[in-house]
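>
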Amino acid sequence: MLWEYIQPVTIRFGEGVLKELSEVIAGLGGSRGLLVCTPFFVRSGLAEKLLKECGGLLTGVYSQVSPNPEVSEVDACARRIREEKIDFLVALGGGSTLDCAKAAGSICFTEDSIRKYHGTGLPMPQKHLPLIAVPSTAGTGSEVTCVSVLSDKDLGKKGPIVSNGFYPAVALVDPELTYSLPAHITAGTGIDVLSHAVEGYWSKGHQPVCDALALHAARLVFRHLPAAVREPDNREARAGMAEASVIAGLAFTLPKTTGPHACSFPLTNLLHIPHGEACGLTLDWFARVNAEAENGRVHAFARDLGFSDAYAMADAIHELKRDVGLRLDLKEFDLTDEHLEELVRLSRHPNLSNNPVEITDEMLNVMYQSLR
Ligand SMILES: NC(=O)c1ccc[n+]([C@@H]2O[C@H](COP(=O)([O-])OP(=O)(O)OC[C@H]3O[C@@H](n4cnc5c(N)ncnc54)[C@H](O)[C@@H]3O)[C@@H](O)[C@H]2O)c1
Ligand SMILES: [Zn+2]
401 MLWEYIQPVT
411 IRFGEGVLKE
421 LSEVIAGLGG
431 SRGLLVCTPF
441 FVRSGLAEKL
451 LKECGGLLTG
461 VYSQVSPNPE
471 VSEVDACARR
481 IREEKIDFLV
491 ALGGGSTLDC
501 AKAAGSICFT
511 EDSIRKYHGT
521 GLPMPQKHLP
531 LIAVPSTAGT
541 GSEVTCVSVL
551 SDKDLGKKGP
561 IVSNGFYPAV
571 ALVDPELTYS
581 LPAHITAGTG
591 IDVLSHAVEG
601 YWSKGHQPVC
611 DALALHAARL
621 VFRHLPAAVR
631 EPDNREARAG
641 MAEASVIAGL
651 AFTLPKTTGP
661 HACSFPLTNL
671 LHIPHGEACG
681 LTLDWFARVN
691 AEAENGRVHA
701 FARDLGFSDA
711 YAMADAIHEL
721 KRDVGLRLDL
731 KEFDLTDEHL
741 EELVRLSRHP
751 NLSNNPVEIT
761 DEMLNVMYQS
771 LR
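Just so we're aligned: 612 in the working numbering is position 212 of the sequence shown, and the numbers increase by one with no gaps anywhere.
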């Protein structure tokens, strides 16, 4: 088996590690930084606090990032970068904020709109600003990936752009930042972590380093997610989920995600289900289908996690979703046959081709029927 493992991001992890931000900036040699975040961190006062603590090195805040960031937000952020001659970025937030900053930090060196590269297959220019990624959810792992997932409402599409220029220079992972997450966001982002781990393992692009990371991350999610949802200040559970998130990010970047992520894009676009919850909705269905993969890898993964087989793991995923208050079906949407057809059509995303078992439209139809 031939494989390669590359991971260029420096990771600093631990409670209170955010205090090291100014030291990290000094290490990068940055002099005019833009803090990219959401309005939440402006309201909470953390944005202003960081600006003060960084003694003039962070010179401005761009806070117009929405969940499932829009291509227009990336373009607006890039304009700010050019106008203010910014030479490094700090992204503080969930995957949405990190993804917006990654794309803006590359596109700012051109006069292009990011639209030119979104879903068009055109490779992104590689030049980019150094980025310090500070995740505030335990979910996407975006702080260590070369992926930026963007949406374009006008064209009705959501999808990833992949570029080596998107790797942050440094990931500062401070579990304390996740204490303020409401229960339903902790639950949804947490099931995203499990999806990354499981999908990274069973992807056709699997390889041994990512396998080991995937097992470690999945074990942590089963152990810590329920307590993180119920007790927001549970130090051990929050740290466990933050660790799982960053490790799962490493586990799926190279092998890439598969069926559940492919299906999540239309579930988010059409039904507005948050990313992680959308991935989790089909994760147990895919675990059952992928159990049939010829190589038996899904059973092996499940056994390594302590389950009797892949079907028992699928049951445990279902129970975990119920336990943390996530949707188990799509009943509330009263989906028509036309809706179902559209979900099937739009689930045929390129990530589906990484799935270890070939998924036909008929199978997707059966899956969505079972959720309806
Ligand atoms: N780049 C990647 O590798 C990658 C991987 C998977 C998913 N994604 C993408 O990332 C996005 C989802 O990111 P996410 O799940 O982290 O959620 P998010 O960034 O969209 O944030 C969800 C909500 O939580 C709030 N929030 C974030 N941190 C908070 C905190 N500490 N306290 C209180 N509220 C907080 C945000 O303001 C927002 O309203 C999607 O667009 C998804 O497609 C990217
Ligand atoms: Zn995801």
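Using N, Cα and C, we set each Cβ at its ideal position, and we do this for glycine too. In this text, all values refer to a predicted model and were calculated from it rather than measured experimentally.
(1) At a cut-off of 6 Å, is V471 close to ligand 3 when judged by its beta-carbon and the heavy atoms of the ligand?
(2) Cutting at 8 Å between CB atoms, please list the residues of its own chain near D633, excluding the five before and the five after it.
(3) Is D684 near ligand 2, going by C-beta to nearest heavy atom under 6 Å?
(4) Could you round the C-beta distance between G793 and V724 to whole angstroms and report it? I think they count as a contact, below 8 Å.
(5) Does any heavy atom of ligand 2 sit closer than 6 Å to the C-beta of D512?
(6) Only counting runs of 4 or more residues, tell me where the alpha helix (DSSP H) segments fall wholly within the stretch 401–453, in order along the chain.
(7) If you reduce the DSSP assignment to three classes, tell me which class A693 lands in.
(8) Under DSSP, the beta strand (DSSP E) around Y517 begins and ends at which residues?
(9) Going by alpha carbons, who is nearest to V436 out of G429, F413, R412, P469?
(10) Between the alpha carbons of V493 and G505, how many angstroms are there, rounded?
(11) Taking the alpha carbon of K419 as the point to measure from, which residue in G519, G433, G445, C454 has its own alpha carbon closest?
(12) In angstroms with no decimal places, state the Cα-to-Cα distance between V392 and D611.
(13) Can you find the residues in the same chain that come closer than 6 Å, C-beta to C-beta, to L730, ignoring five residues on each side of it along the sequence?
(14) Does the structure place the stretch 402–412 close enough to the stretch 606–626 that three or more beta carbon pairs sit under 8 Å?
(15) R688 and A716: beta carbons closer than 7 Å?
(16) Any heavy atom of ligand 1 within a distance shorter than 6 Å of the CB on V490?
(17) Leaving out five residues before and five after S444 in sequence, what residues of the same chain have Cβ atoms less than 8 Å from its Cβ?
(18) Using a threshold of 7 Å, state whether the C-beta atoms of F652 and E599 are closer than that.
(19) State the Cα-Cα distance for the pair S463 and L555, rounded to the nearest angstrom.
(20) So which of S472, F733, I759, R482 has the shortest CA-CA distance to R745?
(21) For A627, which residues of its own chain have a beta-carbon under 8 Å away from its beta-carbon, when the five flanking residues on both sides are left out?
(22) Less than 7 Å separating the beta-carbons of L615 and A569?
(23) Which one or two residues does DSSP pair with D559 in a beta bridge?
(24) Below 6 Å CB to CB, which residues in the same chain sit around N755 once its five sequence neighbours on both sides are set aside?
(25) What number of angstroms, rounded off, separates the C-alpha of V465 from the C-alpha of L446?
(26) Just to confirm my understanding: we take K557, look at its own chain, exclude 5 residues before and 5 after, and list those with CB closer than 6 Å. What are they?
(27) From what residue to what residue does the alpha helix (DSSP H) around V593 run?
(28) Grouping DSSP H, G and I as helix and E and B as strand, with all else coil, what is Y711?
(29) To which residues of the same chain is N765 closer than 6 Å at the C-beta, ignoring the five residues directly before and after it?
(30) Leaving out the 5 sequence neighbours to the left and right, which residues in its chain are closer than 6 Å to A478 when beta-carbon positions are compared?
(31) Suppose the cutoff is 6 Å on Cβ atoms and the five residues either side in sequence are ignored; what does the same chain contact list for A777 look like?
(32) Just to confirm my understanding: we take V549, look at its own chain, exclude 5 residues before and 5 after, and list those with CB closer than 6 Å. What are they?
From the atom records:
(1) With respect to ligand 3, the structure offers nothing, as its ligand set consists of ligand 1 and ligand 2.
(2) For the purposes of this step, residue 633 is taken as the residue at position 233 of the sequence shown. Same-chain partners within the cutoff: Y579.
(3) Stepping through the sequence shown from its first residue, residue 684 is reached at position 284. Flag unset: Cβ of D684 not near ligand 2.
(4) For residue 793 there is no data in the structure shown, the boundaries of the chain being 401 and 772.
(5) Looking up residue 512 in the sequence shown gives position 112. No, Cβ of D512 sits at least 6 Å from all heavy atoms of ligand 2.
(6) Fully enclosed alpha helix (DSSP H) runs of 4 or longer: 421–428, 439–443, 446–453.
(7) As a working mapping, residue 693 is identified with position 293 in the sequence shown. Secondary structure at A693: coil, using DSSP grouped into helix, strand and coil.
(8) The residue given as residue 517 occupies position 117 in the sequence shown. No beta strand (DSSP E) contains Y517, which DSSP labels as neither H nor E.
(9) Numbered from its first residue, the sequence shown carries residue 436 at position 36. If we check each option's Cα against that of V436, P469 comes out closest.
(10) As a first step, residue 493 is located in the sequence shown; it is residue number 93 there, counting from the start. As a first step, residue 505 is located in the sequence shown; it is residue number 105 there, counting from the start. The amino acid at residue 493 is misidentified as Val; the sequence shows Gly. Going from the Cα of G493 to the Cα of G505 covers about 16 Å.
(11) By one-based count along the sequence shown, residue 419 stands at place 19. Cα-wise, what sits closest to K419 is C454.
(12) With the chain running from 401 to 772 in the structure shown, residue 392 is simply not present.
(13) As a position in the sequence shown, residue 730 is number 330, starting the count at 1. Within the same chain, L730 has close Cβ partners L771, R772.
(14) They touch, by the three-pair rule.
(15) Residue mapping note: residue 688 aligns to position 288 of the sequence shown, counting from 1. Residue mapping note: residue 716 aligns to position 316 of the sequence shown, counting from 1. Going by C-beta atoms, R688 is not nearer than 7 Å to A716.
(16) One-based indexing of the sequence shown puts residue 490 at position 90. No, the beta carbon of V490 sits no closer than 6 Å to any heavy atom of ligand 1.
(17) If you number the sequence shown from 1, residue 444 lands on position 44. For S444, where only same-chain residues beyond five positions count, the Cβ hits under 8 Å are S580.
(18) Along the sequence shown, read from residue 1 onward, the residue named residue 652 stands at position 252. Along the sequence shown, read from residue 1 onward, the residue named residue 599 stands at position 199. Yes, the pair counts as a contact, with Cβ atoms nearer than the cut-off.
(19) In the sequence shown, the residue the question calls residue 463 occupies position 63. In the sequence shown, the residue the question calls residue 555 occupies position 155. For S463 and L555, the distance between alpha carbons rounds to 24 Å.
(20) Walking along the sequence shown from the start, residue 745 turns up at place 345. Nearest of S472, F733, I759, R482 to R745, Cα basis: I759.
(21) To locate residue 627, count along the sequence shown from 1; it is residue 227. Here A627 has N634, E636, A637 as same chain residues with Cβ atoms under 8 Å from its own Cβ, once five neighbours each way along the sequence are excluded.
(22) Translated into positions along the sequence shown, residue 615 becomes position 215. Translated into positions along the sequence shown, residue 569 becomes position 169. Result no, Cβ atoms of L615 and A569 do not sit closer than 7 Å.
(23) What you label residue 559 is simply residue 159 of the sequence shown in a count that begins at 1. For the record, residue 559 in the displayed sequence is Gly; it is not Asp. Answer is L550.
(24) For this step, residue 755 is matched to residue 355 along the sequence shown. T658, G659, listed in sequence order.
(25) Taking the first residue of the sequence shown as 1, we reach residue 465 at position 65. Taking the first residue of the sequence shown as 1, we reach residue 446 at position 46. So the two alpha carbons sit approximately 16 Å from each other.
(26) The count along the sequence shown starts at 1 and reaches residue 557 at position 157. Hits under 6 Å: G519.
(27) For the purposes of this step, residue 593 is taken as the residue at position 193 of the sequence shown. First-last of the alpha helix (DSSP H) with V593: 583–602.
(28) Looking up residue 711 in the sequence shown gives position 311. DSSP places Y711 in helix when its eight states are reduced to three.
(29) To locate residue 765, count along the sequence shown from 1; it is residue 365. Around N765: V744.
(30) Along the sequence shown, one-based indexing puts residue 478 at 78. Answer for A478: A504, I507, C508, listed in chain order.
(31) In the structure as shown, the chain begins at 401 and stops at 772. Residue 777 is therefore absent and cannot be evaluated.
(32) Within the sequence shown, residue 549 is the residue found at index 149, counting from 1. Hits under 6 Å: D499, P560.
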